[in-house]
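Residue numbers (the working numbering): 1 to 193.
We treat Cβ as the ideally placed atom computed from N, Cα and C, and that holds for glycine.
The structure appears below as structure tokens.
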Ligand SMILES: [Zn+2]
């Protein structure tokens with residue numbers, strides 16, 4: 001059994017950092033329906049995100065705030081991730097298996113402040129172009145196929161996490177000559193415009 005179960009608390013010591021080959025691997029699909037172990041791991045990952053956004057818990061355990069975590073970021077070779085976004089519009093949480101982008105808008109967006117990653121302990125400047133809207137097919141905790149439509153910030157988070165499962169880091173998308181250059185001939189704007 002994996003150590004990531006309902007009694008385990010993920011801390012920064014469990015987070016795999018850049019340079020580890022598992023972050024550059026196309027990770028394996030999870031067979032559906034998920035096992036109890038798969039589900040417990042995902043719950044544990046979601047709890048980490050919630051803890052990381054709780055000021056008291058984050059301070060006590062030195063957690064960097066995160067909105068998404070992919071299984072290979074804790075060393076597991078499984079296509080699954082957790083997302084937890086909490087803002088003035090409310091809360092959004094997902095625990096999904098085998099996510100796949102089945103369609104996306106032509107228009108793109110980027111975070112003006114750039115992106116960060118729990119696996120990257122340095123500031124990487126530059127714009128990361130993302131599709132403004134995506135449709136994702138995935139499987140939920142019960143192994144049921146679900147279709148998730150996202151736009152704006154959650155769409156950016158999902159694309160960041162799905163990239164992880166394909167061995168792609170956010171900075172792979174940043175223009176090498178000029179990190180603040182945007183792709184030409186593309187309808188792209190800042191998320192907050
Ligand atoms: Zn990341």
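In this structure, residue 73 sits near residue 15, with a CB-CB distance shorter than 8 Å. Residue state for residue 181 is assigned as coil, using DSSP reduced to three classes. Judged by DSSP in its simplified three-state form, residue 36 adopts helix. Where residue 18 is concerned, there is no enclosing beta strand (DSSP E), because DSSP gives it neither an H nor an E.
Each residue's CA atom was taken as its position, placing residue 56 and residue 62 some 10 Å apart. In summary, residue 96 is buried, with 16 or more beta-carbon neighbours lying within 10 Å of its beta-carbon over all protein chains present. Contact annotation: residue 50 and residue 141 have beta-carbon atoms that are not nearer than 8 Å.
Assignment of residue 84 by DSSP, reduced to helix, strand and coil, places it in the strand class. One thing to note: residue 136 has its Cβ within 8 Å of the Cβ of residue 100. In the three-state reduction of the DSSP assignment, residue 43 falls in the helix class, which pools H, G and I. With contacts defined as CB atoms closer than 8 Å, residue 128 and residue 180 fail to qualify as a contacting pair. With contacts defined as CB atoms closer than 8 Å, residue 109 and residue 154 fail to qualify as a contacting pair.
If you keep only unbroken alpha helix (DSSP H) runs of at least 4 residues inside the stretch 52–122, you get 55–61. For residue 27, there is no enclosing alpha helix (DSSP H), as DSSP gives it neither H nor E.
Cβ contact annotation for residue 134 (same chain, cutoff 6 Å, sequence separation greater than five): 101, 104, 150, 155, in chain order. Beta-bridge annotation (DSSP): residue 131 is paired with 108. The beta carbon of residue 79 sits closer than 8 Å to the beta carbons of 27, 28, 29, 30, 71, 97, 98, 99, 165 from its chain, once the five residues preceding and following it are set aside; these are given in chain order.
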